[in-house]
């Protein structure tokens, strides 16, 4: 055993001496003025990065400044940008995120000025990552989308695009929109697997696992994360292994395997303490505290979450601060220390408001929709160019035919007759098309589509959205034939369409047995909340009457829940074929939660909608207090009805 220990000691010394020897060699190249400038500058850059970045970031900053000054004297802008990016990284390792952004922006400006597209894309992605760490998700998304745009022209565009797509997925994960997060992350994973990019494959597997955890599919989350851990072990990547261990611990905790969860969490914490990475250390300290809380070990929970709190505060990691405050609130509340519990609860609420307020949600929605519409517009332009080319060929062919048949008066007369018939037919078809178009799209949007060939997305600050869903529909589908079931659904939705038209509400779409409509668009108005609620109450009344008729005939019936919420949306047309007018944004998700959190036969509205209606003597309101809504936390809800 002693022999093995001595062998190991000599091996460690050998590796250390080898690393030091390599650094000495790099320093000698940097000092040698007979060497080419490019060799010297690459040597000092590698010297700073490999020798000091991870262990002594202040020293790395100093050596990167030497690189910057040297490159500036010789007009080597590419290396000036590299130096600024390296200096930004030193601040990232120290947890000084705002300072890191400042230096990344300097690197970005140099890259743009010197038209270094790859460097520009890397700078944009890095700035996005730092805004993400600060919890400024709209700003992060703005930089990620620009990174995607720049990377399209690069030889390694796939990888950079995948990195940006993955980062966008993480934003949606933090916004608790897990399905959208998985969509973006899986797109990235596919590109990484095609390129056999093992480090990014491992990281993306773990991120997908986390999003499945958000959807409460904890076994699938664990499966993805274990795949990520194995990949990191293959790479012998300590930081990656720690990340995987942390995620496995989350999944084991959610699967109620608490001892296993703690075992993995402690392993991960040991690695993070060794690597001196504050943000991740704070996250694992909080997780260990949360697991001890679950096991009713309150003092242990407080000990770990206090450490997590101060570590997160030191590194300005707001997301980890939220988790620490939540853990400490739960612990002190359980111990009956209401004073301290309230203190941490208030701090948690203030932090969450700053991260997930309505303005952030609106900005995120606007940025995402602008990006999606830019992509669709580019696709539509390409399609139009293809059609124009075909039309040009067809015109050429027709000219040749015309030249071959000039002088045939009889044929001209014949064609004139055909033309008149065709014109009449086209006129009738045009009228029919107009009717169909207005059935699919709002009149203003249809006119814009005809005038411009496309419709611009609209950000509308205040719209009231309605969702309905039938209770008992599944049971009815087992008792009725498909024809009878569709007939009932068609009758009900036809009545809903008439109600919407009567109250000036725009039907958006049906999804199975759910019906969605909105007021205040495409042209904004001040009566949207009242219009929608009146329509909602009438819909509920129609279904109640239908139920009474079915009961009288001893036939199966369905009942209805209706939810209403008011807020900002992005509205527009998606697709190149089978146009559909649709709306997007957190307001839509919240309206859906109002419906699912409601009760049969009643119209459930949010506090936001109530504030617009509370002075209207036509309605009466029944407060329900705060109700838990999936993915939204607790929300104020009220039932609304017409005054008798």
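In our numbering, the protein residues as written are 20 to 663. Backbone N, C-alpha and C define an ideal beta-carbon position, used for all residues, glycine too.
For residue i, three-class secondary structure by DSSP
i, result
"residue 354", "coil"
"residue 253", "helix"
"residue 642", "strand"
"residue 156", "helix"
"residue 220", "helix"
"residue 578", "strand"
"residue 545", "coil"
"residue 647", "strand"
"residue 82", "helix"
"residue 616", "coil"
"residue 526", "strand"
"residue 653", "strand"
"residue 586", "strand"
"residue 347", "helix"
"residue 658", "strand"
"residue 635", "coil"
"residue 591", "strand"
"residue 602", "strand"
"residue 663", "coil"
"residue 274", "coil"
"residue 75", "coil"
"residue 314", "coil"
"residue 21", "A caution first: residue 21 carries a pLDDT of 34, below 50, which makes its placement in the model too unreliable to give a value."
"residue 305", "helix"
"residue 513", "helix"
"residue 340", "helix"
"residue 608", "helix"
C-alpha distance - residue i paired with residue j, whole-angstrom precision
i, j, result
"residue 661", "residue 560", "11 Å"
"residue 334", "residue 125", "22 Å"
"residue 354", "residue 291", "30 Å"
"residue 591", "residue 478", "9 Å"
"residue 641", "residue 232", "36 Å"
"residue 581", "residue 609", "12 Å"
"residue 331", "residue 153", "11 Å"
"residue 329", "residue 119", "21 Å"
"residue 489", "residue 622", "13 Å"
"residue 652", "residue 213", "39 Å"
"residue 8", "residue 519", "Outside the shown range of the chain (20 to 663) lies residue 8, about which nothing can therefore be said."
"residue 626", "residue 278", "42 Å"
"residue 274", "residue 602", "36 Å"
"residue 263", "residue 318", "27 Å"
"residue 282", "residue 260", "14 Å"
"residue 240", "residue 253", "20 Å"
"residue 96", "residue 613", "55 Å"
"residue 91", "residue 98", "8 Å"
Extent of the continuous beta strand (DSSP E) to which residue i belongs
i, result
"residue 235", "It is not in any beta strand (DSSP E) - residue 235 carries neither H nor E in the DSSP assignment."
"residue 54", "No beta strand (DSSP E) holds residue 54; DSSP gives it neither H nor E."
"residue 480", "477-490"
"residue 623", "622-625"
Range of the contiguous alpha helix (DSSP H) that encloses residue i
i, result
"residue 207", "197-213"
"residue 536", "Not the alpha helix (DSSP H): residue 536 falls in the beta strand (DSSP E), residues 533-538."
"residue 93", "Unbroken run through residue 93: none, as it is neither H nor E."
"residue 321", "317-333"
"residue 120", "116-132"
Cβ shell of residue i (< 8 Å), same chain only, five flanking positions each side left out
i, result
"residue 272", "280, 306, 309, 310, 313"
"residue 42", "66, 69, 70"
Close Cβ partners of residue i (< 7 Å) along its chain, the five nearest in sequence each way excluded
i, result
"residue 246", "224"
"residue 512", "529, 534"
"residue 46", "66"
"residue 358", "none"
"residue 257", "290, 294"
Assumed close pair residue i, residue j - CB separation to whole angstroms, cut-off 8 Å
i, j, result
"residue 530", "residue 558", "Rounded, the Cβ-Cβ distance is 16 Å, inconsistent with contact."
"residue 265", "residue 316", "Between residue 316 and residue 265 the Cβ distance is about 20 Å, and since that is not below 8 Å, they are no contact."
"residue 67", "residue 82", "4 Å"
"residue 226", "residue 185", "7 Å"
"residue 127", "residue 64", "Incorrect: roughly 18 Å between the Cβ atoms, too far for contact."
"residue 587", "residue 481", "7 Å"
"residue 165", "residue 189", "Residue 165 to residue 189, Cβ: 17 Å. No contact."
6 Å Cβ shell around residue i - same chain, five flanking residues per side excluded
i, result
"residue 300", "291, 330"
"residue 151", "159"
"residue 624", "583, 657, 659"
"residue 422", "Summary for residue 422: the model assigns pLDDT 47, below 50, so the residue's position carries little reliability; its value from the coordinates is reported in the next sentence. For residue 422, where only same-chain residues beyond five positions count, there are no Cβ hits under 6 Å."
"residue 320", "308, 311, 312, 350"
"residue 617", "580, 582, 623"
"residue 340", "331, 370"
"residue 323", "304, 307, 308"
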